[in-house]
Amino acid sequence: MSRFEHTSIFQSAYGLTLEIYKATKNFSKEHKYTLGERLKNITHEILDLVMKTNEAQGKDKLSGITLIDYKKEELRIHLRLAFDLKIISGGQLEIFNKKLEEIGKQIGGWRKWAEKQNCPSVPARVPAN
């Protein structure tokens, strides 16, 4: 089994987490400890879920992948809120959305792979006499 640090989805999520930290550093006091902390917490949850899901098997892996996808969308909504409140710029939102899109593609590929691994093999046909 591969270590989670070497998976592309972990590396992408880790890079996104670093970017969130850089952006929230500049939030005003009003938003730093509310929306800023929420953004950081969601990215930490994504990293934790990637590590946990990487070790999971069967339906637990598929459930983990689904939860990562949900957290990704939750992060997207909170980033949109930060943009609408004029806390982050349109350029920052675009960068974050590109990173989330990349993670989404990786989630899709991981889900397809996990579904193939989880499907029982179809028995060979037995010729009729």
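Quick note: to get the numbering used here, add 753 to the position in the sequence shown (first position is 1).
Every residue, glycine too, gets a C-beta built ideally from N, C-alpha and C.
On a predicted model such as this, the values are computed, not experimentally measured, just so you know.
Our two residues, A766 and S781, have alpha carbons roughly 25 Å apart in a direct line.
Taking the C-beta atoms as reference points, L834 is found nearer than 8 Å to L788. Taking 8 Å as the cut-off, the beta carbon of K825 is found no closer than this to the beta carbon of G862. In the structure shown, Q810 falls within a coil segment according to DSSP collapsed to helix, strand and coil. With contacts defined by Cβ atoms closer than 8 Å, H831 and I795 form a contacting pair. CA-to-CA, the gap between G768 and Q810 works out to about 26 Å. Boundaries for K785: no alpha helix (DSSP H) harbours it, and the DSSP string shows neither H nor E there.
Look at F836 here: in three-state DSSP terms it is helix. Excluding the 5 residues flanking it on each side, A776 has same chain C-beta neighbours closer than 7 Å at I841, Q845, in chain order.
A direct Cα-to-Cα measurement between E868 and M804 gives close to 19 Å.
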